[in-house]
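J.: Have a look at this one before I ask anything.
In mature numbering (1 follows the signal peptide of the UniProt record, and there is no 0), the protein residues as written are -20 to -1, 1 to 399.
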């Protein structure tokens, strides 16, 4: 059985007009990056052919449509068009069908996952299989209704998403030779996913164990946790020791100034970090998490010039020398972080928006909270966050080492998402 956390929040509006978004697509800078697989598309004009017969295949960006049930508990509600992409470059009769959803995002642009540039295609190539990328319900253009109002989102649940994958495998007639004879029982199906879609893979294998012969779940976030302070702990443990020491010291200083009740001193800190116009203290200290969230973009192939390393260098390299494992201490780190954040990082983060608009979470009249247009991954994702998984990334418990201010607690996240 799938166990979830139900927060039962009145998520009346959590969308954004294009103009209100940050350069990275988030609604505001106190919203964690979505745990979505990175898009990977090959050139549109790249042609494929069947490896054995040489028969030409449709372009990888050919979009197919499946009649998916709106409500698997009540099929009488009808169906909606669910998009998918598909190739049979390596397929031989009896080979597996490799199915993947990118999860919480528009699936157009993920056609590279059909090819042997990814593990999906490598499995298909090795086992003579076919590959499919399917769009998750309520993302992109795969929507039961023409808007993302609360009434429409009623059927946006993890259980419905699991049922989608099973119903698709059981009933789809794939547009390839023999594509009407590949249902589970006639051909082995393999489900693949990463991050949230990896969790969906694992949940599907447990919840509906008889449809997919195998599942491959990479970085799967399988546990629903409301207070997910542990998100930052591996960062603290494995980032450069001097950088973690100084970040902890700076955050403790911010918290101490706030706790002292010295408004003038706190306002001076805000100005030092370029956030003098940000009204609410938790929005100010919360914005500092962005330097830590950049850790999520690191990989063995990203190189040394990524934002996270630039951040640590700004704190730890002084006069051409790096600090020892203890860091330079709070006085230097506080000033260095402020200079970097105000003059370099915040302008990149906000893309021309003023700081309050960029990092503020309290103004329910902003367009980012009121649009209900489809293809808004942030709105669709935070419906699931609020109602099923939590994963609020806030301060560690008092007394534990923390890279995040104690002003940041799950109750604050819940309140900001109830606008």
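Glycine included, every Cβ here is placed at the ideal spot set by N, Cα and C.
Taking one C-beta from the stretch 158 to 178 and one from the stretch 189 to 205 each time, how about it: are there three or more such pairs within less than 8 Å?
T.: The answer is yes - the stretch 189 to 205 touches the stretch 158 to 178, with three or more Cβ pairs under 8 Å.
J.: Can you pull the DSSP bridge partners for residue 61?
T.: Note: residue 61 sits in a beta bridge opposite 47.
J.: Quick one: what does DSSP say residue 343 is sitting in, helix, strand or coil?
T.: Residue 343: coil per DSSP, three-state reduction.
J.: Quick one: Cα of residue 55 to Cα of residue 154, how far?
T.: Answer to the nearest angstrom: the Cα atoms are 22 Å apart.
J.: Whole angstroms is fine: what's the gap from residue 310's alpha carbon to residue 234's?
T.: About 11 Å.
J.: Is DSSP giving residue 198 helix, strand or coil here?
T.: Note: residue 198 maps to strand in three-state DSSP.
J.: For residue 357, does the count of other Cβ atoms within 10 angstroms reach 16, so buried, or fall short, so exposed?
T.: Buried, because 16 or more other Cβ atoms sit within 10 Å of the Cβ of residue 357.
J.: Could you tell me the distance, in whole angstroms, from the CA atom of residue 88 to the CA atom of residue 117?
T.: Their backbone Cα atoms lie some 13 Å apart in a straight line.
J.: Work out the CA separation of residue 182 and residue 368 for me, nearest whole Å.
T.: Near 16 Å, if we compare the C-alpha coordinates of residue 182 and residue 368.
J.: The alpha helix (DSSP H) with residue 148 in it runs from where to where?
T.: Counting along the chain, the alpha helix (DSSP H) containing residue 148 begins and ends at 138 to 151.
J.: What did DSSP end up calling residue 392 once you bin it into helix, strand or coil?
T.: It is helical.
J.: With a CB to CB cut of under 6 Å and the five nearest residues on each side skipped, what residues in its chain are close to residue 105?
T.: Contacts found: 70, 96.
J.: Is residue -10 helix, strand or coil by DSSP?
T.: Bear in mind that a pLDDT of 35 at residue -10, under 50, signals an unreliable position, so the model cannot answer this.
J.: Is it true that the CB of residue 297 sits closer than 9 Å to the CB of residue 127?
T.: Against a cut-off of 9 Å, the Cβ pair of residue 297 and residue 127 comes out as no contact.
J.: Just how far apart, CA to CA, sit residue 206 and residue 125?
T.: Rounded to the nearest angstrom, the two C-alpha atoms are 29 Å apart.
J.: Which residues mark the beginning and the end of the alpha helix (DSSP H) in which residue 229 is found?
T.: Residues 221 to 240.
J.: Quick check on DSSP: helix, strand or coil for residue 397?
T.: Note: residue 397 maps to coil in three-state DSSP.
J.: Taking residue 326 as part of the alpha helix (DSSP H), name the residues at either end of that continuous run.
T.: Where residue 326 is concerned, the enclosing alpha helix (DSSP H) stretches over 326 to 330.
J.: In its own chain, which residues sit with a C-beta less than 7 Å from the C-beta of residue 265, not counting the 5 before and 5 after it?
T.: So the qualifying residues of the chain are 234, 385, 387, 388.
J.: Considering Cα atoms alone, identify which of 9, 5, 17 is closest to residue 180.
T.: For residue 180, the nearest C-alpha among the options comes from 17.
J.: Look at the Cβ atom of residue 110, then the Cβ atom of residue 66, and state whether they are nearer than 9 Å.
T.: In this structure, residue 66 lies closer than 9 Å to residue 110 by Cβ.
J.: First and last residue of the beta strand (DSSP E) that includes residue 101?
T.: No beta strand (DSSP E) contains residue 101, which is instead part of the alpha helix (DSSP H) from 99 to 107.
J.: Going by DSSP, what residue range makes up the beta strand (DSSP E) through residue 111?
T.: Looking at the DSSP string, the run of the beta strand (DSSP E) that includes residue 111 is 110 to 114.
J.: Taking the C-alpha atoms as reference points, what is the distance between residue 400 and residue 13?
T.: Shown here, the chain extends from -20 to 399; a query on residue 400 therefore has no answer.
J.: My guess is that residue 29 and residue 35 are in contact by the Cβ rule of under 8 Å, so how many angstroms apart are they, rounded?
T.: Confirmed, about 6 Å.
J.: Only counting runs of 3 or more residues, tell me where the beta strand (DSSP E) segments fall wholly within the stretch 235 to 293, in order along the chain.
T.: DSSP runs (the beta strand (DSSP E)) wholly in the stretch 235 to 293: none.
J.: Check residue 322 in the structure and name its three-state DSSP category.
T.: It is helical.
J.: Excluding sequence positions up to five away, which residues of its chain have a Cβ less than 7 Å from the Cβ of residue 159?
T.: Contacts found: 153.
J.: Who does residue 66 pair with in a DSSP beta bridge?
T.: Its beta-bridge partners are 112.
J.: Classify residue 269: buried if its beta carbon has 16 or more other beta carbons within 10 angstroms, exposed otherwise.
T.: The residue in question, residue 269, is buried, as its Cβ has 16 or more Cβ neighbours within 10 Å.
J.: Between 210, 215, 140, which has its C-alpha nearest residue 187's C-alpha?
T.: Closest by alpha carbon: 140.
J.: Mind the definition here: the stretch 220 to 235 touches the stretch 311 to 319 only if three or more C-beta pairs lie below 8 Å; say whether that holds.
T.: Flag = yes, the stretch 220 to 235 and the stretch 311 to 319 touch.
J.: Can you tell which of 282, 277, 271 has its C-alpha closest to the C-alpha of residue 295?
T.: Comparing Cα-Cα distances from residue 295 to each of 282, 277, 271, the minimum goes to 271.
J.: Starting from residue 372, follow the beta strand (DSSP E) in both directions and report where the run begins and ends.
T.: First-last of the beta strand (DSSP E) with residue 372: 370 to 372.
J.: Which residue comes first and which comes last in the beta strand (DSSP E) that contains residue 178?
T.: Not the beta strand (DSSP E): residue 178 falls in the alpha helix (DSSP H), residues 176 to 187.
J.: Distance check for residue 338 and residue 279, CA to CA, integer angstroms please.
T.: Looking at the two C-alpha atoms, the distance is approximately 27 Å.
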